[in-house]
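If you use this note's numbering, the sequence shown corresponds to residues 14 to 173, in order.
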Amino acid sequence: VMIKWPNDLLYRGKKLCGILTELGAEIEEINYLVVGIGLNVNQQAKDFPPEIRKTATSLALASGRSWQRVELLRAILEEYEKQYQIYLQKGFAQTLLLWRELNVTLGQEVTVSTREESFVGIAEDINEAGCLLIRKASGELETLIAGDVSLRGSFPKDRD
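Structure representation (structure tokens):
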């Protein structure tokens, strides 16, 4: 499983999971953070709408078995808590190392769509703030805080 910046999990190039966050903050204070995880668990190919069958997958399709959702939720929450404790102890740097290591976006040609523009470039890195750094054809390095990023090439092989 690999990460597509910033919030999708892919298995063999197909979307397995999407993560959305909503943050309410002021200059010096975070008021709240809501995290939503949409994970395809026991779907079969026929369960996906025809327009996404070639680009979506599920844990059942990837593993060849069905999953108990309660046990899966427990495992996800335990891992979430573990990663949160690592973050509290070591800061974002440790998380960033793992994010970079598992990120399928880096080194790839991408198409970026924001409210202001669309462009093509090479995803070079993720900075200490979690922003994606993209080298445009002009040579300019664009720092992307948010936007739709589509991979244009083939995917590197996942880690099974």
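Just so it is clear, CB atoms sit at the ideal spot from N, CA and C, and this is done for glycine as well.
| query | result |
| --- | --- |
| Could you tell me which uninterrupted beta strand (DSSP E) segments, each at least 3 residues in length, are contained entirely in the segment 19-100, listed from first to last along the chain? | 21-24, 27-38 and 43-52 |
| Leaving out five residues before and five after L36 in sequence, what residues of the same chain have Cβ atoms less than 6 Å from its Cβ? | L46 |
| Beta strand (DSSP E) containing E114: first to last residue? | Looking at the DSSP string, E114 is not in any beta strand (DSSP E); the run it does join, the alpha helix (DSSP H), is F105 to E114. |
| Counting only the same chain and skipping the five closest in sequence on each side, list residues whose C-beta sits under 7 Å from that of E122. | V133, I135, R165 and G166 |
| Return the chain-ordered list of same chain residues with a C-beta closer than 6 Å to the C-beta of M15, the five sequence neighbours on each side being excluded. | L23, L115, V117 and D171 |
| Assign V125 to buried or exposed, taking buried as 16 or more other Cβ atoms, counted over all protein chains shown, within 10 Å of its Cβ. | buried |
| Could you name the residues that DSSP lists as bridge partners for S163? | T124 |
| I need the straight-line Cα distance from I32 to D21, nearest angstrom please. | 6 Å |
| Please say whether L145 and V162 have beta carbons closer to each other than 8 Å? | yes |
| Leaving aside the five residues before and after L52 along the sequence, list all residues of the same chain whose C-beta is less than 6 Å from its C-beta, in chain order. | C30 |
| When the Cβ atoms of the segment 59-72 are set against those of the segment 93-110, are three or more pairs found closer than 8 Å? | no |
| Indicate whether V54 and S71 have their beta-carbon atoms separated by less than 8 Å. | yes |
| Can you grab the Cα-Cα spacing for the pair Y93 / L101, in whole Å? | 12 Å |
| Which residue from R25, S79, L85 and A58 puts its Cα closest to that of I50? | L85 |
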